[in-house]
Amino acid sequence: MIRIETLTFSYPGAEFTLNVPDFRIEPQEKVAVIGPSGSGKTTLLNLVAGILVPQQGRVLCADTEVSALDDPARRAFRISNIGFVFQDFELLDYLNVLDNIIHPYRISSALQLNVDVRTRASELARQMDIGDKLRRRVDHLSQGEKQRVAICRALLPQPDLVLADEATGNLDPRNKGQILGLLFDSVAAHGATLLAVTHDHELLPHFDRVVDFNDFRSDAP
Amino acid sequence: MDSLYLAWRYLAFNKLRTATLVICVTLIAILPLALQVLLAESERQLLARAGSTPLLLGARGSALDLAMNALYFADETPELISMAADEAIATSGLAMPIPLYVRFQARRFPIVGTTLDYFGFRGLRIAQGRQLALLGECVIGADVAERLGIGVGDSLLSSPEALFDLAGVYPLKMQVVGVLARAHSADDRAVFVDLKTAWVVQGLVHGHEDVTRGEDSSVIIDRTQDNVVASARLVEYTEITADNIDSFHFHGSPDSYPLSAMIVVPNDDKAGTLLRGRYLGSEPPYQLAVPKTVIEGLLATIFRIKEVLDAVILIVAVATVLALVLVFALSLRLRQREIQTVFHIGGSRSTIARLLAAEIVIILLAAALLCALGITVMQPFSDELVRVLFIA
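Chains P and F supply the protein sequences, listed in that same order.
First residue of the first sequence? That's 207 in our numbering, and the numbers climb one at a time after it.
First residue of the second sequence? That's 8 in our numbering, and the numbers climb one at a time after it.
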């Protein structure tokens, strides 16, 4: 599903350089990425999603070389194929819970918003225990509830690839297991691949494989 | 459609900012529109009245003051002329004179002293009651009746010219004997009386107990065979009734009694031209003005001022539009996080452009609606506004 070939990326003016050796993630595989803060875990997810473009190397997703696409094509690919749970949720304060969940459908002609989608969004929200808050504004939600909304938004289009950046970081231990279970179930139900960044080592046994970023990072001289 | 929905949600969330933008756009749009409506209405009103009045006779001086007073009963009274002028026109055999004496007010409405010819000339119809017949009676316009809540059988007091002048003329209590049908003109806002009643209001014609009989010697200062001098104790009547109407009398020659203007209705075009010729030059103490020409001159001035105003409004509009562009540009910076979210999810630049365009469309639509509402609300009052702005 994902193939990374000798990837090198650095932010302009920064001393940090991310070097990722060749590695593959198979379809339907659930992979956890761990590593210390600032090691480039989020950057890797952004590279896979095509939000960032590597200086060297290639990123392939489902046989599409994402890193070679131009900006509009990368956006189109992302909205059609990737569900992304951002670390800081990236929800829109002026929309309510339901509107945030179906937001990708409102901004892309590739996704068709219809009654089925709305029903599915409501069901997904119910499964995430926010079914009674669909009309509530997201700036009135707790951090945990916002995280659930972000997960719902990522899962609703039933993408082939789900990228999750600390998807359970703001949840209490009881909810953490429940939400992770739902995330895994949803990913498995649609035969999607999961690449998740986490700091929580208790969750690692739930993944098929763990990638440790301590091995990738190098600092520029 | 989704762009419109998202834009609507954003604008609804940022109510204060949205309201400010809508108000700015509305004000910029409504100012020239309202001005246009008012000017169109003023042009219609002024020209309609002026066009139906062939000639105006008045004292030399401002033809505009003369026309505004005689046609629209404006507060500004022109130099007065005397009834002798009326006689001169009547004896010329060239035209019908309709004298006007517009100087006093009753509860802020002008009292128009005239003759019955005026009603026929203007095509005014009595809706309730009857026409003027006796001294001290008045017929009121439809607006006067409506706003003061009075009708036939009620009475109306004239307003004293100088409130603290104890030696001055006391208000006259006038009986309302008729209410005119609405004419959609200045006549709706006037209190019509017979010329003599207007002179009673001024104190030129008055009534009091008969001092020649000498029933109360305390009011007599001096008495000769030809003359009786009464003191200030002599009470003048402030209401004309059946009992005292006979005591009202003129002092001096009625020919010297004042008029503010005279409508002159020539028998034909030739008569009109002849009359105008008689009043040309510097010798005659009067002017014979063509109201339509006078009002067209006024309108030309108003429209010249409007052109200046339009230019000022245009400059303000350009400045406001630039400010709005700046607001949008700055809001784009403030909304970087939101825009990044759209990009991160996979939205395109055109998505953002559509969202912004939708916001602008909604703001413009809201402003257009407010404008339309404002103009619609203003329209029924435009008649009154024109009077306040251009006539009163």
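Note that the Cβ used here is the ideal one computed from N, Cα and C, for glycine as well.
In chain order, E50, L53 place their CB closer than 7 Å to the CB of L306 (chain F), counting only its own chain and leaving out the 5 sequence neighbours on each side.
The stretch 287-294 of chain P makes contact with the stretch 362-381 of chain P, as at least three CB pairs between them are under 8 Å. Listed along the chain, the chain F residues whose CB falls inside 9 Å of the CB of E372 (chain P) amount to none; the nearest CB is some 15 Å away. Residues are counted here when their Cβ sits less than 7 Å from a Cβ of chain F; for the stretch 337-368 of chain P the count is zero. By the neighbour-count criterion, in which a residue is buried when 16 or more other Cβ atoms sit within 10 angstroms of its Cβ, Q353 (chain P) is buried. Residue-level contact check: V349 (chain F) touches chain P, since one or more beta carbons of chain P fall below 8 Å from its beta carbon.
Flagged as an interface residue toward chain P: G353 (chain F), by a C-beta distance shorter than 8 Å. With contacts defined by Cβ atoms closer than 8 Å, C31 (chain F) and T327 (chain F) form a contacting pair. By a beta-carbon distance limit of 8 Å, L64 (chain F) contacts Y293 (chain F). Their separation comes to about 6 Å.
Your pair A278 (chain F) and L101 (chain F) checks out as a contact, with CB atoms roughly 4 Å apart and the cut at 8 Å. Residue environment for I228 (chain F): exposed (fewer than 16 other C-beta atoms within 10 angstroms of its C-beta).
Counted as a single uninterrupted DSSP element, the beta strand (DSSP E) harbouring K180 (chain F) occupies residues 180-187. In the DSSP assignment, H191 (chain F) falls outside any alpha helix (DSSP H), carrying neither H nor E.
Separation of G259 (chain F) and L211 (chain F) (C-alpha to C-alpha, rounded to the nearest whole angstrom) is 9 Å. Between the beta-carbon of L187 (chain F) and that of A140 (chain F) there is about 15 Å, and that puts the pair past the 8 Å contact cut.
Listed in chain order, the non-local C-beta contacts of E144 (chain F) below 6 Å within the same chain comprise Q182, V184, local neighbours out to five positions each way being set aside. For the alpha helix (DSSP H) assignment, the uninterrupted runs of no fewer than 4 residues enclosed by the stretch 76-157 of chain F are, from N- to C-terminal side, 90-99, 123-129, 149-155.
Nearest C-alpha to I352 (chain F) among P:S245, P:F283, P:T223: P:F283.
Counting C-beta pairs with one atom in each stretch, the stretch 395-411 of chain P and the stretch 247-260 of chain P have three or more that are closer than 8 Å, which means they touch. At least one C-beta of chain P is nearer than 8 Å to the C-beta of R16 (chain F). Taking 7 Å as the cut-off between beta carbons, none of the residues of the stretch 226-242 of chain P comes near chain F.
For Y300 (chain P), the closest Cβ of chain F is nearer than 8 Å. For M385 (chain F), the enclosing alpha helix (DSSP H) stretches over residues 356-393. Inter-segment contact for the stretch 355-373 of chain F and the stretch 12-24 of chain F is present: three or more beta-carbon pairs are separated by less than 8 Å. Shown here for K236 (chain P): same chain residues with a beta carbon closer than 8 Å to its own, the five before and five after excluded, namely F390, V393, T399, L400, A402, H412, F413, D414, R415 in chain order. Counting only Cβ-Cβ distances below 7 Å, E345 (chain F) has contacts in chain P at L298, in chain order. I308 (chain P): not part of any alpha helix (DSSP H); DSSP gives it neither H nor E.
In terms of Cα proximity to E94 (chain F), the closest of F:V271, F:K299, F:S69 is F:V271.
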